[in-house]
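Since the structure comes first, as structure tokens, the remarks are kept for the end.
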Amino acid sequence: MRGVVQDGVEPGCLILATGTEQYLLLGAGGAMAKPGAEVVVTGRVEPDTLTTCQQGVPLAVTDVRPT
């Protein structure tokens, strides 16, 4: 998925905004996953995962690359 990383509404939560959807980035630490970065993310959507972030569809990230 391609999009822009944004801060979530809760502290410590990162969102990937694709233009049509918001994904909660799970396990996307590192320099590439910083707010404002345009990235391509590979991962697995996990809609049944409960989080405290209250925003976005949970996405278990396996790779983050700059666009």
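Just so you know, numbering that gives the first Met the number 0 puts the end of the sequence shown at 66, numbered straight through with nothing missing. Cβ coordinates follow ideal geometry from the N, Cα and C atoms, glycine included.
- Short of 7 Å from the beta carbon of T50, and not among the five residues preceding or following it, lie these beta carbons of its own chain, in chain order: L23, P57.
- Of the residues T61, C52, D62, the one whose Cα lies closest to the Cα of P10 is C52.
- The beta carbon of Q54 is closer than 8 Å to those of G7, V8, E9, C12, I14, Q21, L23 in its chain, skipping five residues each way along the sequence.
- Beta-bridge partners of D6 (DSSP): L13.
- Within its own chain, the residues whose Cβ lies closer than 6 Å to the Cβ of G42, once the five positions on either side in sequence are excluded, are L58, A59, V60, T61, listed in chain order.
- Taking a contact as a CB-CB distance under 8 Å, the pair V63 and V44 does not count as one, their CB atoms being some 15 Å apart.
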